[in-house]
Amino acid sequence: MVRIVRHISVRFWLTTLMVLPSGFVLFPRLSGWLSDMPASVFIALMYLFCGLGLGIFMDVAGLWRIKGLVRDAQLWERSGIATRAEKKFIRAVRIYDSAWISPLAARRAEPMLISSLARFYLASGSRRREIQGAASAWLAQNPKDKSLARFWLERIQDQDVAGTFTQSILTVLADSWYADPELCRIVVDVFLDQGRMDFSARRLYRSFLDMIDMTGEGNNASQQDKVRAEMIRDMMSERLDTPEPEPEMIEPGLGTLGDERVDSTIFIPGDQEGRGPFVDLTDQAFEDGPAGWRPEDDIYTGQQTSGRVSALLALLSGIGRKAAGGGSFIADRTGKAKYAVLNLIQAREKWWGRVRGVMIACLGVWLIFFVWGTLSHMFKTAEQPARQINIVITKPFTIQVAAYHKKAHADRYMATLAQKGLKATMKVTDGGGKTWYLVHVSEFTDQKSAQAYGNRLKTDHIIDEFFVTKN
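Mapping of the sequence shown onto full-length UniProt numbering: position 164 corresponds to residue 164, and the numbering continues sequentially without gaps.
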């Protein structure tokens, strides 16, 4: 899944880098031919064709390069120069594991590359992790390849085979070659070293023993086969003779004192007269006590002569107990600290995984907004049809009392009218190739009232001339 997401991301960004600049250049020049095609459709088609072309080109180039590197590595291997062959193989693996080729192309190159790496690993003895993993993966997929299986088993005899993947390959090989005399002996040696006794191992051991008996080699078998057979029989007999451990239970009548168990009845001998384990404190049997028991007077005899020695021994034993207690305390704290650190590491891994997921999600959201913003600026917004709005003017008529070519003259006349108590307004218009500044006085609902008001102002010698006009 990670490989697919990485591949799609790289291809998308490379396609975007190709489409956006070329779209800005090509779309205006092709707009005459594509007059009816929207810009969004044009960009989408460019993404489709450029993405397909880029993907095919990168896949073909990547496969061609991988095959060339593998061919060169095989030539260096035949020449006896393993170091250069290994470098060629590593470069081929890096191209295969990169985002330059698609997962489909990687599937086509996988059998050829992994088989070549497996044969090189088993023949040259390379220690590179990539080549070792390829050999193991190829053998897990093709356990019937006898030559590779034999070489691989010979290589791992001096290596650590405790890994789960290695054990699974050994199990597959044991199930595939338990009837083959040569490989059976090799796998038996590996299983005996590990002490495996699972189903596959038992079937392998039984096949090996039957192989020796059926071929008549029981008496004429080699010393190594005899040793193997003896070890197998010992392991099987020990497994059969060794019972499963049972849970340790405290028997009735046993008291515990730390890790020591003491039978509470040994200090109270039974009475011969039928009184059972219970006796009186004055009984002779109780006074005699068990073996090694002494009366109190005998114990404290010589207390004065050995007091200092007893005190010294008590002091040393106390120091020893404190030291042992301190050591156990430190060991306990160290163990708790170790588990705390391990728990912290596990918690940090979970926490870091969640943080990484949130970061990837934020990056994806930012990418979507970035692409959407880029594409939205490339496309023009469709023009909205014009819509007529009817504006109702309640007082459509006014009186024009003057017209000037300069705004300063109109302002001065409006100031004069303001001194006479009239509120005037100015309207700018063009006419006859000139700009006119028109001075209007008041507003009226009809033309008749406007005419009467103008005549009154003219009679009062406030204005000289006027005419009624619409706003």
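Glycine included, every Cβ here is placed at the ideal spot set by N, Cα and C.
As the structure is a prediction and not an experimental result, all values here were calculated from the model.
Annotation: the continuous alpha helix (DSSP H) that includes residue 7 extends over 2-30. Cβ neighbours of residue 420 within its own chain (closer than 8 angstroms, five residues either side excluded): 462. Residue 166 carries a helical assignment under DSSP once its states are collapsed to helix, strand and coil. The three-state secondary structure of residue 409, taken from DSSP, is helix.
When C-beta atoms of the region 57-65 are compared with those of the region 93-100, three or more pairs fall below 8 angstroms, so the two segments count as touching. Between residue 77 and residue 128, the CB-CB gap reaches or exceeds 8 angstroms. The alpha-carbon separation between residue 366 and residue 49 amounts to approximately 25 angstroms.
Residue 427 carries a strand assignment under DSSP once its states are collapsed to helix, strand and coil. Counting of Cβ neighbours within 10 angstroms places residue 399 among the buried residues, the total reaching 16 or more.
By the CB criterion at 8 angstroms, residue 403 and residue 436 fall inside the cutoff. About 11 angstroms separates the Cβ atoms of residue 188 and residue 173, ruling out a contact at the 8 angstroms cut-off.
Assignment of alpha helix (DSSP H) within the region 55-100, counting only whole runs of 4 or more residues, yields 82-96 in chain order. The beta carbon of residue 116 sits closer than 8 angstroms to those of 70, 73, 74, 89, all from its chain and outside the five residues before and after it, given in chain order.
Linking residue 167 to residue 46 through their CA atoms gives a straight-line distance of about 52 angstroms. DSSP places residue 106 inside the alpha helix (DSSP H), whose first and last residues are 103-124. A straight-line Cα-Cα distance of about 16 angstroms links residue 52 and residue 42. For residue 207, the three-state secondary structure derived from DSSP is helix.
Looking only at 66, 210, 95, the smallest Cα-Cα distance to residue 112 is reached by 66. In the structure shown, residue 199 adopts helical secondary structure according to DSSP, grouped into three states.
One Cα belongs to residue 432, the other to residue 440, and the distance between them is close to 20 angstroms. DSSP places residue 395 outside both helix and strand once states are collapsed to three, so it counts as coil. Secondary structure note for residue 151: its alpha helix (DSSP H) is the uninterrupted segment 146-156. Residue 148 is positioned such that its CB atom lies closer than 8 angstroms to that of residue 118.
Residues of the same chain with a CB within less than 6 angstroms of the CB of residue 466, apart from the 5 flanking positions on each side, are 399, 401, 454 in chain order. When the beta-carbon positions are compared, residue 124 and residue 82 come within less than 8 angstroms of each other. The beta carbon of residue 6 lies closer than 6 angstroms to those of 99 in the same chain, with the five residues before and after it left out.
Shown here, residue 179 sits in coil according to DSSP, grouped into three states, outside any helix or strand.
Around residue 109, the same chain offers 63, 66, 96 as residues with beta carbons nearer than 7 angstroms, after the five sequence neighbours per side are excluded.
Of 4, 39, 2, the smallest CA-CA separation from residue 19 is found for 39. Comparing C-alpha distances from residue 198 to each of 222, 182, 235 shows the shortest one belongs to 235. Scanning its chain for C-beta atoms nearer than 8 angstroms, with the 5 sequence neighbours on each side dropped, one finds around residue 54 the residues 11, 14, 15, 18, in chain order.
Cα atoms of residue 351 and residue 387: separation of roughly 59 angstroms, rounded to the nearest angstrom. For residue 438, the enclosing beta strand (DSSP E) has its first and last residue at 434-444. When secondary structure is reduced to three states using DSSP, residue 370 falls in the helix class.
Under the three-state reduction of DSSP output, residue 458 falls in the helix class.
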